[in-house]
Each structure stands twice: as structure tokens, then as C-alpha cells.
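Enquirer: So for the sequence shown, the numbering used here puts the first residue at 569; every next one is plus one.
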Amino acid sequence: MSTPRSTGSTQQIQQELKEQTLEENQIDFVQPPAETIAKLNHALKDEKKDIVRYSKLYLKEKFNIEVKRGGIVRVKNDRNSFDLYMVCPGITLGEGGYGKVKLMQNIENPNDTLVLKVLNTKYMQDANIARQFRNEARNLEKMGRGKSTILSKERTENEKIKPEKLYLVQKFIPGEKLHFYLKNKKPELAELLDIALQTMQCAQELHQNNIIHRDIKIENFIYNPNIKKLTIVDFGITQEPNTPRNIEKTAPDKAYGSRGHIAPEIYSGENYTEKSDIYSLGKSIK
Numbered sequence: 569m570s571t572p573r574s575t576g577s578t579q580q581i582q583q584e585l586k587e588q589t590l591e592e593n594q595i596d597f598v599q600p601p602a603e604t605i606a607k608l609n610h611a612l613k614d615e616k617k618d619i620v621r622y623s624k625l626y627l628k629e630k631f632n633i634e635v636k637r638g639g640i641v642r643v644k645n646d647r648n649s650f651d652l653y654m655v656c657p658g659i660t661l662g663e664g665g666y667g668k669v670k671l672m673q674n675i676e677n678p679n680d681t682l683v684l685k686v687l688n689t690k691y692m693q694d695a696n697i698a699r700q701f702r703n704e705a706r707n708l709e710k711m712g713r714g715k716s717t718i719l720s721k722e723r724t725e726n727e728k729i730k731p732e733k734l735y736l737v738q739k740f741i742p743g744e745k746l747h748f749y750l751k752n753k754k755p756e757l758a759e760l761l762d763i764a765l766q767t768m769q770c771a772q773e774l775h776q777n778n779i780i781h782r783d784i785k786i787e788n789f790i791y792n793p794n795i796k797k798l799t800i801v802d803f804g805i806t807q808e809p810n811t812p813r814n815i816e817k818t819a820p821d822k823a824y825g826s827r828g829h830i831a832p833e834i835y836s837g838e839n840y841t842e843k844s845d846i847y848s849l850g851k852s853i854k
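(1) Just to confirm, are SER865 and HIS829 a CB contact at a threshold of 7 Å?
(2) Can you name, in chain order, every residue of its own chain whose Cβ lies under 8 Å from the Cβ of ASN778, other than the five neighbours on each side?
(3) Near GLN599, what residues of its chain come up, given a Cβ to Cβ distance below 7 Å and the 5 sequence neighbours on each side ignored?
(4) List the whole-angstrom C-beta distance separating ARG647 from GLU615, where the pair is believed to meet the contact cut-off of C-beta under 8 Å.
(5) Where does ARG621 land, buried or exposed, given buried means 16+ other C-beta within 10 angstroms?
(6) Nearest by alpha-carbon distance to ILE795: which of ASN752, LYS630, GLU759 is it?
(7) What are the start and end residues of each continuous alpha helix (DSSP H) run of 4 or more residues lying completely inside the stretch 740-772, in chain order?
(8) Report, in whole angstroms, the separation of the C-beta atoms of VAL737 and GLY714, which I expect to be a contact under 8 Å.
(9) Counting pairs of Cβ atoms below 8 Å between the stretch 691-708 and the stretch 744-757, do you hit three or more?
(10) What is the DSSP secondary structure of GLN776, counted as helix, strand or coil?
(11) Helix, strand or coil, according to DSSP, for TYR847 in the structure here?
(12) Hey, would you say ALA764 sits closer than 7 Å to ILE853, going by beta carbons?
(13) If we ignore side chains and look at the alpha-carbon of each, how far apart do GLN772 and LEU671 end up?
(14) Based on the DSSP output, what are the partners of GLN599 in its beta bridges?
(15) Where does SER623 sit, in a helix, a strand or coil, going by DSSP?
(16) Applying the criterion that 16 or more other CB atoms from any shown protein chain within 10 Å of the CB defines a buried residue, is LYS797 buried or exposed?
(17) Can you give me the C-alpha to C-alpha distance between HIS610 and PHE650, rounded to a whole angstrom?
(18) Please determine, among ASP618, SER623, VAL635, the residue with the shortest C-alpha to C-alpha distance to ALA602.
(19) Taking the alpha-carbon of GLU787 as reference, which of PRO742, PHE748, TYR840, PHE803 has the nearest alpha-carbon?
(20) If you run the structure through DSSP and keep just helix, strand and coil, what is TYR653?
(21) Given that a residue counts as buried once 16 or more other Cβ atoms are within 10 Å of its Cβ, and exposed if not, what is GLY667?
(22) Can you name the residues that DSSP bridges to MET672?
(23) Just to confirm the assignment, what range does the beta strand (DSSP E) spanning PHE803 have?
(24) Output the boundary residues of the alpha helix (DSSP H) element that contains LYS710.
(25) Would you list the residues sitting across from THR689 in a DSSP beta bridge?
(26) What residues are listed by DSSP as bridge partners for ARG642?
(27) Is TYR791 helix, strand or coil when you go by DSSP?
(28) Quick one: what's THR660 bridged to in DSSP?
(29) Hey, how far is the Cα of TYR840 from the Cα of LYS851?
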């Protein structure tokens, strides 16, 4: 197993905001009563922002609507309408100094589960961190997994409007980290070959969408053994092909990626390319 190479605050935020894995049957969701759902849909229908989070106290004081702690998140959907999600209380998929990763479920369709990443307000002033956060959302959206990153206001009690935050909304991927599955389950050769093939298909899909991952390793794959499905994750340091380097030569402690997986040419100052990802992939499945 490789040890992540430090690349400064930008990669640290991705490490801290990286979501944990969770099986679908671990989610204990109680759907609100139909009357509450109707009240929420009516009360929040005229909101202008694409993504807004409403606190429990705000909904109680403003509309006399009772919801669980964690509140409600209104997300604009592909039908030019909106869906309402309840933040699952007691389930934090990731947490660090830079923010939190929460699980939320559609109040009308519990099978529609999303992940909400919230960047701590004080780090929005760091242009590099904010850029990487938006970049992750943009590439997730390319892959059909994310809604977008939105500068959004959070409505709280007493009509207070908190400072704008960066929210990232993405699909929830059930399963477990691939390296844990391989270590604990020790699958047969046929399944191992299928997993190896899927890692290559994941890389191919990235490159077809003009995305270079820059940190391919088995720790960045989620595997769902129930449906034999592999998914690549952690888009925090992805980039588009032919993105120019800002430095002539990359020192070993400044390269993006993980020790033992970074292509040798990166340390000579060359651009990250699809070939860099293929090198990392080969080191992962050898």
C-alpha cells in the first residue's frame, strides 16, 4: 500500500474531505409525513438559489415545520425544478478542519441518496483550495456524478443569512474501499481479473471525458461486491489534458499523487497526461 505524498494544503483538504464508505443497509432513514413534505414543497418553492440549506430552527420559526436536526437541502434538478433532501442526522462521512461530508436523502424518494460536501467558510479565501473544490465538482458533473459547486446562502434561525459557502453535491456510491475488500475477502482469480479490467475501464472513461486523475491507486476505488461494480473516486486533484505546469521541475515532495505511483517524467517537470494515469494504474494492479 502506498503512502500519500504531501502536496500542501490543496491535497490536505481532499484528504480531510474524502468521504468514508457506507453500505446502503447502514442508512436508517425515516421519511417525513406526507403533510410535512407538502408544507416543505410549498414553503421553499420560490427559492432562487440552485442549492440552499435550511436549518431545523429556521424551518420551525419561519414556517412552523418540524424536521430533524441537520435540516433540509434544496437542490435544483435536471428538470428545471427542485428536490428536497434531508441531511441524515448522526451520519458524517468525513470531517476535518476544512469542512464536513454529510449524507442526505430525498424526502420523497429515499432511494435517491446524495453526498453533501461543505467547504469551511474561512478557506474560501484560499484561491487554490476553492479552485480545486470547483474543479472536483466540474469533473464529477462530467462523469454524471455531481450536481455542481454553488456559492450558496444558508438560511438559519432569526432570518440570519450565513456567509456564502461552497457546496458540492454528488451521488452516493455504496460499497467499500477496494484495498479493504481485497485484503479481507481475498477474492478468486476470476473476480480479480474482472476487477483489474474494470480499473482500466474506469481510466478509459476518465480520459474519454478529458479528465486526468493524477492519483490513481487501489485506495481510490470503491467496490460494490453485490453487483460486482467498481467506481473510481477522489477527483480533488484532477485536471484537463495539456494543462501547463507552473514550475520547470517538480521536487519529489511537490508532485501530486502518491509515492510509488507517480510517473517518473512528472519529477522532470513534464505535464500530467493520460500516460501518467496509465503508469499509476499499472503500479496499482501489478
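We treat Cβ as the ideally placed atom computed from N, Cα and C, and that holds for glycine.
No experiment lies behind these values; they were computed from the predicted model shown.
Expert: With the structure as the only source:
(1) Lying outside 569 to 854, the shown extent of the chain, residue 865 is not represented and no answer is given.
(2) By the criterion of a C-beta distance shorter than 8 Å, ASN778 is surrounded in its chain by LYS710, GLU808, PRO809, once the five residues flanking it on both sides are discounted.
(3) Cβ neighbours of GLN599 beyond the five flanking positions: ILE675, PRO678.
(4) The pair is not a contact, with the Cβ atoms about 16 Å apart (cut-off 8 Å).
(5) Under a 10 Å Cβ-count criterion, ARG621 is classified as buried, with 16 or more other Cβ atoms of the shown protein chains found around its own Cβ.
(6) Here the closest residue by C-alpha is GLU759.
(7) You should have 746-753.
(8) GLY714 and VAL737 do touch by the CB rule: their CB atoms are close to 7 Å apart, below 8 Å.
(9) No: fewer than three Cβ pairs fall under 8 Å.
(10) DSSP, read as helix, strand or coil, puts GLN776 in helix.
(11) Correct three-state label for TYR847: helix.
(12) Yes.
(13) Approximately 29 Å between the Cα atoms of the pair.
(14) Answer is none; GLN599 lacks a bridge partner.
(15) Under the three-state reduction of DSSP output, SER623 falls in the coil class, being neither helix nor strand.
(16) With fewer than 16 other Cβ atoms within 10 Å, it is exposed.
(17) Looking at the two C-alpha atoms, the distance is approximately 12 Å.
(18) Residue nearest to ALA602 within the set ASP618, SER623, VAL635 is VAL635 (criterion: CA-CA distance).
(19) For the options PRO742, PHE748, TYR840, PHE803, the alpha carbon positioned closest to that of GLU787 is the one of PHE748.
(20) It is a strand residue.
(21) It counts as buried.
(22) Bridge partners of MET672: VAL655, LEU682.
(23) PHE803 -> no beta strand (DSSP E), and no H or E assigned at all.
(24) Judged by DSSP secondary structure, LYS710 falls within the alpha helix (DSSP H) whose first and last residues are 695-710.
(25) Note: THR689 is not bridge-paired with any residue in the DSSP secondary-structure output.
(26) VAL620, LEU652.
(27) Strand.
(28) Answer is LYS670.
(29) Using only the alpha carbons, I get a separation of about 16 Å.
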